[in-house]
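Trainee:
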Amino acid sequence: MSSLAARIALFLLSLPALAGAADLGVNGTTLVSFEQRSTPGFERQRVIPATQFLGIDADHLGNPNLSLHLYGWGRVDLADRSTDEKYTDGDLTYGYLRYLFPTANGEVKAGRFFVFDGVSAEHVDGVSARADLARGFALSMYGGAPVRLDRADDNKGDVIIGGRVSYRIPSLFELGFSALHEKGVTNGQTTDLKDHRQLVGGDLWLRPHKTTEFSGRISYNTATDGVAEQSYLLTVRPSAPLSVAGEYSRYRIKDYFAATNIRSLFNPDTGDNVQYYGGSVTYVIAKPAEVTVSYRHYNRDITGNSDRFGGEGRLTLLDNKCRAGLSYFRTEAPTGINSYHEIRGYLLHTAAKYTASVDTIAHLYDDKIFGKNTAFEVQGSAGYRLRPNLKLSGDLSYGQNPQFNDELKGLVRLTFNYDFIKGAGK
Amino acid sequence: MTFPKLFLPVSIVAGIMTITACSHIFSTESSLPAAHPEAVGEGRVACSECHEDQIKGVLKPYATFNHSQLFVKEHRFYAGSNDKLCASCHATSFCNDCHANELEIKPSIKLGDRPDRELIHRGDYMTRHKIDGKIDPTSCFRCHGRANNEQCIVCHK
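Protein sequences appear in the order of chains H and E. According to the working numbering, the first sequence is numbered sequentially starting from 39. According to the working numbering, the second sequence is numbered sequentially starting from -5.
#1: How would you call H84/E, buried or exposed, if buried means at least 16 neighbouring beta carbons within 10 angstroms?
#2: Kindly list the residues whose CB is nearer than 7 Å to the CB of A261/H, restricted to its own chain and excluding five residues on each side of it in sequence; keep chain order.
#3: Using a C-beta to C-beta distance shorter than 7 Å, which residues of chain E count as neighbours of F154/H?
#4: Does DSSP classify I291/H as helix, strand or coil?
#5: Leaving out five residues on either side along the sequence, give the residues of the same chain with a beta carbon under 7 Å from the beta carbon of S25/E.
#6: Between which residues of its own chain and I399/H is the CB-CB distance below 6 Å, once the five residues before and five after are set aside?
#7: Report yes or no: do the region 139 to 151 of chain H and the region 192 to 210 of chain H share at least 3 C-beta pairs separated by less than 8 Å?
#8: Counting only runs of 3+ residues fully inside the region 213 to 286 of chain H, write out the beta strand (DSSP E) ranges in chain order.
#9: Going residue by residue through the region 296 to 326 of chain H, where are the continuous beta strand (DSSP E) segments of at least 3 residues, counting only ones entirely within it?
#10: Tell whether a beta-carbon distance below 8 Å holds between V312/H and D130/E.
#11: CA-CA distance, Y333/H and G348/H?
#12: Mapping DSSP to helix, strand and coil, what is S166/H?
#13: Compare the C-beta of V331/H with all C-beta atoms of chain E and state if any pair is closer than 8 Å.
#14: Counting only Cβ pairs nearer than 7 Å, list the residues of chain H close to K151/E.
#15: Using a Cβ cut-off of 8 Å, pull out every chain E residue sitting near I399/H, in sequence order please.
#16: Measuring CB to CB, does G432/H end up less than 8 Å from L449/H?
#17: Look at C80/E and Y56/E and say whether their C-beta atoms are less than 8 Å apart.
#18: Exposed or buried, which one is P184/H when buried takes at least 16 other CB atoms within 10 Å?
#19: For R122/E, which option in T388/H, F442/H, N376/H and Q417/H has the closest C-alpha, if you only look at C-alpha atoms?
#20: Are the region 264 to 280 of chain H and the region 107 to 117 of chain E touching by the rule of at least three beta carbon pairs closer than 8 Å?
#21: Beta carbon of S257/H, beta carbon of V157/H: below 8 Å?
#22: To the nearest whole angstrom, what separates the beta carbons of G63/H and D457/H, a pair I think is in contact under 8 Å?
#23: On a Cα-Cα basis, can you pick out the residue from C146/E, F135/E and K78/E that is closest to L138/H?
#24: Verify whether the separation of the beta carbon atoms of D397/H and P101/E is less than 8 Å.
#25: For K429/H, does the count of other Cβ atoms within 10 angstroms reach 16, so buried, or fall short, so exposed?
#26: If you draw a straight line from the alpha carbon of L177/H to that of H379/H, how long is it in whole angstroms?
#27: Using DSSP's beta-bridge definition, name the partner residues of L385/H.
#28: Output the residue ranges of the beta strand (DSSP E) runs that lie fully inside the region 409 to 459 of chain H and measure 3 residues or longer, sorted by chain position.
#29: What residues of chain H sit near L97/E, judged by a beta carbon separation below 7 Å?
#30: Please name the residue, chosen from A33/E, C44/E, F71/E and Q145/E, that lies closest to E251/H on a Cα-to-Cα basis.
#31: Comparing the C-beta of P109/E with each C-beta of chain H, is any distance below 8 Å?
#32: Where does H161/H sit, in a helix, a strand or coil, going by DSSP?
#33: Say whether chain E places a C-beta atom closer than 8 Å to the C-beta of S277/H.
#34: Under 9 Å, CB to CB, which of the residues in the region 83 to 112 of chain H have a partner in chain E?
#35: Give every residue of the same chain whose Cβ lies closer than 6 Å to the Cβ of L452/H, excluding the five residues on either side of it in the sequence, and list them in chain order.
So this is what it looks like as structure tokens:
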């Protein structure tokens, strides 16, 4: 309740600021979807949720460097509940003021925002700042309260603080150190219960030669004392049309899952580890045609070895107006777990006024699930641009799968994107 | 309630900014533009079609950020250290289409008119997730591990 009041207060506070903006952009998507599911032995269920997404970006708030960015969504169910929650739902995804400095990529944000910085991938109510320093260094920091959406038993903490320092040599090297500390969460059970989450980590980007790039990320969980994640990616482009990549990742579940809020699903106490390695080769046959084949081998202590491999082709024709793709993947799971083939094809055409697309995906399972071993879905979409910045589109999809005898879904979508710029000359 | 808690981080950040400002250790290079100056349409962008050399401020070649299939699949390697660059073309809401927010609408439904996008969980994911989740639950953890899992606890209590 108090958080709802805070959201409304934030919104009201922002209104006068918006009126003063010299450049106001409003964008949104309205979705009204219809779904009819039939599960063997159950009554047919009909759900009709309506969802509104709204984004507001106001630049030049009195000062050319100051801007405000808001984004949120709301939903009302017009028939049966579409989720296991209430008939209405909604959230302020983000809402922050941003000040950009003309030099040093300096930036200060205040409000609700996301942080993607080294070990941090966080949703925060607080402040953040970053700047490039002299001699190749850069520094960023944030602090505040982790955002808790409506989940009551979410175990996010009360305070979070984090940051990253990096050092760069132009087009050759970047090394970053980052850390975060979150207070008021519970960690692993096998380890002594700690009331915080703390990660420290490093990231590396290296370009030893103009054809070769290497990236790596490591995070160490100091609350549980172990390397949670390490991931490496090597990319080689021996010639312009060809690129070859290799990857390796390793996760220690005890440390990686430590701060989860569903321990039954992301259980950190099994002594489990996951690692995978693989590679991909992409060949650009001609500018509009690209083919990628990839392979990945997984090893998870408690389930065994799995493989995923396949290929996909993408075509971009008629000056990007026509896009098509075809793919096949095989997921080969260890004994006891089902394996499957995936086949997908799509075609999309966009013209000045119209867009149209078809998309088909099918899965063939080695072992039957509820008596069936196939699942497929066919989806068609057609759109009409009422005005350059207002588009109406409709999707219809039909599928059969082990869960539902047949599943029919329809959706009407209205997207708009308006820009109001005060004064001339811009 | 949160304001006293905010005081500490705010003062730390402000303190560091002041110290660095006073000791003239900021870079003097001009910043990246707030928004990419040229409109780039839908679909995969290849930076090196329009740019050469290195992005100032980012200090990496433009070609590093060509949106190839590999870049899109492995964008986590780039997003965590170049967020300012990403933000010059992408509003955070673009990322939120896939990086869930209690929304309970699959990206492939919200963007059902964009089959060319690399959207996760296409088709009947309810069946398939039981396999993918067992093979490697670490990827799932990124988006569903600490939040965005209200709909999961119906079955995963």
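The beta-carbon is built from N, C-alpha and C at its ideal position, and this holds for glycine as well.
Mentor: Put simply:
#1: As a working note, residue 84/E is residue 90 in the second sequence. Around the CB of H84/E, fewer than 16 other CB atoms lie within 10 Å, so the residue is classed as exposed.
#2: Here the question's residue 261/H lines up with position 223 in the first sequence. So the qualifying residues of the chain are N225, K232, H234, R235, Q236 and A296.
#3: Along the first sequence, one-based indexing puts residue 154/H at 116. Residues of chain E passing the Cβ test: A73, G74 and D77.
#4: Position 253 of the first sequence, counted from the start, is the residue given in the question as residue 291/H. Helix at I291/H.
#5: For the purposes of this step, residue 25/E is taken as the residue at position 31 of the second sequence. These residues qualify, in order along the chain: G51.
#6: Within the first sequence, residue 399/H is the residue found at index 361, counting from 1. Annotation for I399/H: R382 and E415 place their beta carbon closer than 6 Å to its own, counting only its chain and skipping 5 residues before and after.
#7: Not touching, per the Cβ criterion.
#8: For the region 213 to 286 of chain H, the continuous beta strand (DSSP E) assignments of 3+ residues that do not extend past its boundaries occur at 234 to 247, 250 to 259 and 264 to 277, in sequence order.
#9: Counting only runs of 3 or more residues that sit fully inside the region 296 to 326 of chain H, the beta strand (DSSP E) segments are 311 to 324, in chain order.
#10: As a position in the first sequence, residue 312/H is number 274, starting the count at 1. As a position in the second sequence, residue 130/E is number 136, starting the count at 1. The beta carbons of V312/H and D130/E sit closer together than 8 Å.
#11: The sequence position of residue 333/H within the first sequence is 295, counting from 1. The sequence position of residue 348/H within the first sequence is 310, counting from 1. Using only the alpha carbons, I get a separation of about 7 Å.
#12: As a first step, residue 166/H must be located in the first sequence, where it is residue number 128. Three-state DSSP puts S166/H in a strand.
#13: The residue given as residue 331/H occupies position 293 in the first sequence. Taking Cβ atoms only, chain E never reaches closer than 8 Å to V331/H, which makes this a no.
#14: To locate residue 151/E, count along the second sequence from 1; it is residue 157. Here the neighbours are S302.
#15: Residue 399/H sits at position 361 when you count from the first residue of the first sequence. The answer, in chain order, is R116 and G117.
#16: For the purposes of this step, residue 432/H is identified with residue 394 of the first sequence, where counting begins at 1. For the purposes of this step, residue 449/H is identified with residue 411 of the first sequence, where counting begins at 1. Cβ distance < 8 Å, so G432/H and L449/H count as in contact.
#17: Here residue 80/E corresponds to residue number 86 of the second sequence, with the count starting at 1. Here residue 56/E corresponds to residue number 62 of the second sequence, with the count starting at 1. At the C-beta level, C80/E and Y56/E stay beyond 8 Å of one another.
#18: Position 146 of the first sequence, counted from the first residue, corresponds to residue 184/H. It counts as buried.
#19: The residue labelled residue 122/E in the question sits at position 128 within the second sequence. Nearest neighbour of R122/E by Cα position, chosen from T388/H, F442/H, N376/H and Q417/H, turns out to be N376/H.
#20: Segment contact: the region 264 to 280 of chain H against the region 107 to 117 of chain E, fewer than three CB-CB distances shorter than 8 Å; contact not assigned.
#21: For the purposes of this step, residue 257/H is taken as residue 219 along the first sequence, with counting starting at 1. For the purposes of this step, residue 157/H is taken as residue 119 along the first sequence, with counting starting at 1. Yes; because the gap between Cβ atoms is below 8 Å, this pair is in contact.
#22: Start at 1 with the first residue of the first sequence, and residue 63/H comes out as number 25. Start at 1 with the first residue of the first sequence, and residue 457/H comes out as number 419. About 5 Å separates the two Cβ atoms, so the contact holds.
#23: Locating residue 138/H in the first sequence gives position 100, where the first residue counts as 1. Considering only alpha carbons, the answer is K78/E.
#24: Locating residue 397/H in the first sequence gives position 359, counting from the first residue. Locating residue 101/E in the second sequence gives position 107, counting from the first residue. Contact flag unset, no.
#25: Taking the first sequence and counting its residues from 1, one reaches residue 429/H at position 391. By the neighbour-count rule (16 or more Cβ atoms within 10 Å), K429/H is buried.
#26: Here residue 177/H refers to the residue found at position 139 of the first sequence. Here residue 379/H refers to the residue found at position 341 of the first sequence. Between L177/H and H379/H, the alpha-carbon positions lie close to 46 Å from each other.
#27: Here residue 385/H refers to the residue found at position 347 when the first sequence is read from its first residue. DSSP, once it has assigned bridges, lists A362/H and V396/H as partnering L385/H.
#28: Counting only runs of 3 or more, we get 410 to 425, 428 to 438 and 444 to 459.
#29: In the second sequence, the residue the question calls residue 97/E occupies position 103. Listed along chain H, the residues sitting closer than 7 Å to L97/E by beta-carbon distance are W111.
#30: To locate residue 251/H, count along the first sequence from 1; it is residue 213. Scanning A33/E, C44/E, F71/E and Q145/E for the CA closest to the CA of E251/H turns up F71/E.
#31: Indexing the second sequence from 1 puts residue 109/E at position 115. True, the Cβ-Cβ gap to chain H drops below 8 Å.
#32: For the purposes of this step, residue 161/H is taken as residue 123 along the first sequence, with counting starting at 1. Here H161/H sits in strand by DSSP.
#33: Residue numbering aside, residue 277/H sits at position 239 when the first sequence is read from its first letter. So no, S277/H is outside the interface.
#34: Within the region 83 to 112 of chain H, the residues whose Cβ lies closer than 9 Å to some Cβ of chain E are P87, T89, F91, G93, D95, D97, N103, S105, H107, Y109 and W111, listed in chain order.
#35: On the first sequence, position 414 is the one that residue 452/H refers to. T68 and L430.
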